[in-house]
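A.B. asks:
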Amino acid sequence: MGESTVVALSSPPGRSGIAVVRMSGPEAAKILGRLAPHAGGWKSHQLQKVLIREISGDPLDEVMAVLMEAPGSYTGEDVAEIYCHGSMRLADNIIEEAIKAGAEMAPPGEFTRRAFLNGKIDMAQAEAVADLICSETRLQSRVALEHLRGGLSRRVKEIEKRLLRQLVLVEGSIDFSQEEGLGEFSREKLHSEAEGVISDLDKLIRTNIPGNKLRDGIRVTLAGPRNAGKSSIYNALLGEERAIVSHIPGTTRDLLRERIHIRGLTYYLEDTAGIAETGCEIERRGIDVGREAARAADLLLFVLDGSLPLSEEDIEMAGRIEHELCIILLNKSDLGLKTDREKAGNLLGARQMLEVSAVTGAGLERLRELIYDSTTTKGLTDIYRERIAVNSRQCNALKRARGAMESALEDISAGKPAEILSVWLREAASACGEITGRSVEQDILEEIFSSFCIGK
Ligand SMILES: Nc1nc2c(ncn2[C@@H]2O[C@H](COP(=O)(O)OP(=O)(O)OP(=O)(O)O)[C@@H](O)[C@H]2O)c(=O)[nH]1
Ligand SMILES: [Mg+2]
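For the sequence shown, the residue numbers in numbering that gives the first Met the number 0 are 0 to 455.
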């Protein structure tokens, strides 16, 4: 490639047992040789214990190191990895010495960018690397691994192959149209193939929304009148005393947010200030922030103090809920339920209602199930089964391919000439090619890799 040799810290900054310094490029072997001058030669892919020295000759650290010769490495270039003692000072020193010996600092995602450019992985796989690094749950990592192993790319390439087969027939009929009977394609056959392609595209497109939920997490916000026990439920779901709880109405002012996991999904659970008419400026600000959060939530948990009869204010507040996904929690069930369930049910419409107690924990397991059930869709079941979930970039490309095929269908029915049909088929194939990166624009590539972490 004629590229430079780059170096970066591939483990997280901070103190650790071992830190990993990584180099890739044509000079990697030479620079490794400069850093470990007394090593007895390097056999590719064989780990050795060596002494790393500064260029001046002073010893730096005793490390394990490996050289992975091109093309059998992650990037497809010569790669050297040094596993030094996990002090930031040491790792930085080694990087500085590598730079003195001719390496350059690697920008974020550089190793994966090179792997892509050298054809070691395609674009969908490169994106999966980033997902795998960010994964927090088993389901997230399983989907990312499936993509990394080429699961999504294979599905897309199958669609592309179908498109190209049709393209050959359609374009063949253009070339041979002068010669009678040669290369004529069947419009019915093309029509049914186009429908088949659209249905395959739809299967992938459908995984996008649940896929985004899987990657980005789902916002669940606790809201409701003061003192209903929102913060207590928040703490109980987190399993720690994160929010201040007190009998004084208006305890919570700021918006609090923490992550919880339920069955492989990440949820951002939010606690908000209790809603009330108040003369206190700070409290009012908190209520506004809470209201915004509730509006943006994927799921609203509206908490009422179930040990009290419904008040005029509760009724008015509940009437104002516009959120389509909302579960009503009647809290403090340990004190005995005074809220008239039926009345509450009527007031609150066809929303789910659940009795819980933040103090005894009653109903909380059911609440977790309800949170999961109401925020997941059928699409997620497919993701569990197939471990494929397209991201928004991939989804946009698939939708463009779908649009082209819809146009193709119309034009087939309208009896348009083969030249026009071939344009649609080409457009659909090219949109599919963007997923694997075969036909993606340079600036989009740069954008994707720049969102990676350093050292990957
Ligand atoms: N018996 C009983 N008391 C509860 C329960 N949940 C909360 N409480 C009590 O109710 C009071 C208010 O609880 P918080 O969790 O602070 O209520 P909140 O809705 O966050 O209140 P604000 O932040 O003021 O809006 C506290 O004294 C809690 O101990 C419950 O399930 N049972
Ligand atoms: Mg609170």
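The C-beta atom is built at its ideal place from N, Cα and C for all residues, glycine as well. Here the structure is a predicted model, which means the values were calculated and not measured.
My understanding is that LEU34 touches ILE98, with C-beta atoms under 8 Å, so please give their C-beta distance in whole angstroms.
C.D. replies: Contact flag wrong, Cβ pair sits at about 11 Å.
A.B. asks: So for ASP474, helix, strand or coil by DSSP?
C.D. replies: As displayed, the chain neither begins before 0 nor continues past 455, which places residue 474 out of reach and without an answer.
A.B. asks: Please report the distance separating the alpha-carbon of ILE443 from that of ARG141.
C.D. replies: Those two C-alpha atoms are separated by around 26 Å.
A.B. asks: Given THR206, which residues of its chain have a CB within under 7 Å of its CB, disregarding the five upstream and five downstream residues?
C.D. replies: Contacts found: GLY378, ASP381, ILE382, ILE387, ALA388, VAL389.
A.B. asks: Among the residues of its own chain, which have a CB less than 6 Å from the CB of ILE434, if the five just before and after it don't count?
C.D. replies: Within the same chain, ILE434 has close Cβ partners ALA123, VAL155, GLN393, ALA396.
A.B. asks: Please classify GLN351: does DSSP put it in a helix, a strand, or coil?
C.D. replies: Residue state, collapsed to three classes: strand.
A.B. asks: How big is the Cα-Cα spacing for GLY278 and PRO224?
C.D. replies: In a straight line, the C-alpha of GLY278 is about 16 Å away from that of PRO224.
A.B. asks: So, at 6 Å on beta carbons, what are the nonlocal neighbours of LEU138 in its own chain, with the 5 sequence-adjacent residues on each side left out?
C.D. replies: Cβ neighbours of LEU138 beyond the five flanking positions: GLY263.
A.B. asks: Leaving out five residues before and five after GLU179 in sequence, what residues of the same chain have Cβ atoms less than 7 Å from its Cβ?
C.D. replies: With a pLDDT of 49 at GLU179, under the threshold of 50, the modelled position of this residue cannot be trusted, and the question is left open.
A.B. asks: What's the gap between the Cα of GLN441 and the Cα of ILE447?
C.D. replies: Distance between the alpha carbons of GLN441 and ILE447: 10 Å.
A.B. asks: Rank GLU53, PRO25, ILE274, ARG367 by C-alpha distance to the C-alpha of ILE259 and give the top, closest one.
C.D. replies: The option with the nearest alpha carbon to ILE259 is ARG367.
A.B. asks: In this structure, how does DSSP classify LEU59 when only helix, strand and coil are distinguished?
C.D. replies: Three-state result, LEU59: strand.
A.B. asks: Take SER438 and list the residues in its own chain whose beta-carbon comes closer than 6 Å to its own, dropping the five residues that flank it on each side.
C.D. replies: Excluding sequence neighbours, SER438 sits near SER429, GLY432.
A.B. asks: Cutting at 8 Å between CB atoms, please list the residues of its own chain near LEU237, excluding the five before and the five after it.
C.D. replies: Cβ within range, chain order: GLU257, ILE259, LEU268.
A.B. asks: For CYS325, list the residues DSSP reports as bridge partners.
C.D. replies: CYS325 pairs with LEU299.
A.B. asks: For the beta strand (DSSP E) containing HIS260, name the first residue and the last one.
C.D. replies: Here the beta strand (DSSP E) through HIS260 covers 255-261.
A.B. asks: Are the CB atoms of ILE232 and TYR266 within a distance shorter than 7 Å?
C.D. replies: Contact: no.
A.B. asks: List the DSSP bridge partners of ALA222.
C.D. replies: The partner list for ALA222 (beta bridge, DSSP) reads PHE301.
A.B. asks: Along the chain, where does the alpha helix (DSSP H) containing LEU397 start, and where does it finish?
C.D. replies: Where LEU397 is concerned, the enclosing alpha helix (DSSP H) stretches over 391-412.
A.B. asks: Can you list, in chain order, the residues of its chain with a C-beta nearer than 7 Å to that of ASP270? Leave out the 5 residues immediately preceding and following it.
C.D. replies: The answer, listed in chain order, is LEU221, LYS229, SER230, TYR233, ALA242, THR251, LEU255.
A.B. asks: Within the same chain, show all residues whose beta-carbon is closer than 7 Å to that of GLU418, passing over the 5 residues directly before and after it, in chain order.
C.D. replies: Hits under 7 Å: ILE173.
A.B. asks: My output table needs one value for HIS84: the three-state DSSP class, helix, strand or coil.
C.D. replies: DSSP places HIS84 in strand when its eight states are reduced to three.
A.B. asks: Give the DSSP bridge partners of MET22, in chain order.
C.D. replies: Paired residues: VAL6, ALA79.
A.B. asks: For MET67 and VAL78, I'd like the C-alpha separation in whole angstroms.
C.D. replies: Near 5 Å, if we compare the C-alpha coordinates of VAL78 and MET67.
A.B. asks: Contact defined as beta carbons within less than 8 Å: I believe ARG401 pairs with ILE158. What is the distance between those atoms, to the nearest angstrom?
C.D. replies: That pair is no contact at about 10 Å.
A.B. asks: According to the neighbour-count rule (16 or more other Cβ atoms, all chains shown, within 10 Å of its Cβ), is LYS146 buried or exposed?
C.D. replies: It is His, not Lys, that sits at residue 146 in the sequence shown. When all chains shown are included, HIS146 counts as buried.
A.B. asks: Would you say VAL5 and ALA105 are within 7 Å of each other, going by their C-beta atoms?
C.D. replies: A contact, by the Cβ cut-off of 7 Å.
A.B. asks: Taking the alpha helix (DSSP H) that THR265 falls in, what are its first and last residues?
C.D. replies: No alpha helix (DSSP H) contains THR265, which is instead part of the beta strand (DSSP E) from 264-270.
A.B. asks: Which first and last residues belong to the beta strand (DSSP E) in which ILE51 is found?
C.D. replies: From DSSP, the beta strand (DSSP E) with ILE51 extends over 47-52.
A.B. asks: Hey, quick one: how far does the alpha helix (DSSP H) through VAL358 stretch, first residue to last?
C.D. replies: That residue, VAL358, is in no alpha helix (DSSP H); it is neither H nor E in DSSP.
A.B. asks: Excluding the 5 residues preceding and the 5 following LEU162 in the sequence, name in chain order all residues of the same chain whose CB lies nearer than 6 Å to its CB.
C.D. replies: If we look at LEU162 and ignore the five residues flanking it on each side, its Cβ neighbours are LEU424, ALA427, ALA428.
A.B. asks: Below 8 Å on the Cβ atoms is my guess for ALA129 versus SER450; work out the distance and round it to an integer in Å.
C.D. replies: Right, the Cβ-Cβ distance comes to about 7 Å (below 8 Å), so this counts as a contact.
A.B. asks: In chain order, what residues of the same chain have a beta carbon less than 8 Å from the beta carbon of LEU336, not counting five sequence neighbours either side?
C.D. replies: Only GLY305, SER306, LEU329, GLU354 meet the Cβ criterion.
A.B. asks: Grouping DSSP H, G and I as helix and E and B as strand, with all else coil, what is ALA28?
C.D. replies: Reduced to three states, the DSSP call for ALA28 is helix.
A.B. asks: Mapping DSSP to helix, strand and coil, what is GLU276?
C.D. replies: Here GLU276 sits in coil by DSSP.
A.B. asks: Quick one: what does DSSP say GLU103 is sitting in, helix, strand or coil?
C.D. replies: Three-state result, GLU103: strand.
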